[in-house]
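According to full-length UniProt numbering, the sequence shown is numbered sequentially starting from 1. All residues carry an ideal CB built from backbone N, CA and C; glycine is no exception. Treat the numbers as computed from the prediction; the structure is a model and nothing was measured.
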Amino acid sequence: MKFQDQFTISCNDNNRDALLSIEQEKYWAQGILGNMQLLQQRSNQIYERSRREMDKLYHIMSLKDSDAIRTNNARLAKIAEYQQESNVDLRQFAWDARQDARLMKFLAEVTMIFLPITAVSTTFSMGFFALDSSSTAVLPFSSIRYIWIFLLLAGSVSMGTWIAWWQRWKELKRDDLRFRERARRRGLEAVKAAEKEADNDPEEVG
1 MKFQDQFTIS
11 CNDNNRDALL
21 SIEQEKYWAQ
31 GILGNMQLLQ
41 QRSNQIYERS
51 RREMDKLYHI
61 MSLKDSDAIR
71 TNNARLAKIA
81 EYQQESNVDL
91 RQFAWDARQD
101 ARLMKFLAEV
111 TMIFLPITAV
121 STTFSMGFFA
131 LDSSSTAVLP
141 FSSIRYIWIF
151 LLLAGSVSMG
161 TWIAWWQRWK
171 ELKRDDLRFR
181 ERARRRGLEA
191 VKAAEKEADN
201 DPEEVG
């Protein structure tokens, strides 16, 4: 009976020690959980602070980007204004050049009309010809009825000059048309090549 009491007392002591260790481990686990909760709260606070700082940074970057966009838009507007002014000046220059070209063309036409006549008149005014019968020239004209010779020569020279100019103008126009046709074909070939390259890009990516 005494042995049984001692065994019971020993078991009770062991149970008490086990319960105490369990309670200690429970308190230790609760402490760890509390520390983990504190760490989680601290992590959440750090995360929220970082998120606010990132939002501020993004906001500052967006403001800088918007300022840069506004600056670029202002520069583009200024460039467009300068371009418009340049276009106005170019149109004025083109108009002036067109007027000058018209004047030069008119002067060239007048010159083509009167220059052959002047050349023939100068030829008849030399000492080789004379209009009075008392002159010692090689070919004296005794009457105004021979004026048709002058008109015939002057008209022939003028007509020959105009025909030569017309032929040359047609050749230049044909050359210009051929040049424009070649330029148009090259442009079409460039467009087709660009379209073909654009069609081949998705296949290369795939």
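field: the region 79-88 contacting the region 105-118, beta-carbon criterion three pairs below 8 Å
entry: no
field: Contact check, W162 vs M112, beta carbons under 8 Å
entry: yes
message: For L153 and F114, I'd like the C-alpha separation in whole angstroms.
response: 13 Å
query: Between the C-alpha atoms of K192 and R185, what's the straight-line distance to the nearest angstrom?
result: 10 Å
query: Going straight from the alpha carbon of A101 to that of A183, what length do you get?
result: 25 Å
C-alpha gap between Q92 and I60, whole angstroms: 47 Å
- prompt: Around the C-beta of V138, are 16 or more other C-beta atoms found within 10 angstroms, so that it is buried, or is it exposed?
  reply: Caution is warranted here: a pLDDT of 49 is assigned to V138, below 50, making its placement in the model unreliable, and the coordinate value is therefore given only provisionally. When all chains shown are included, V138 counts as exposed.
task: Taking only the alpha-carbon atoms, compute the straight-line gap between L33 and N73 and give it to the nearest angstrom.
output: 58 Å
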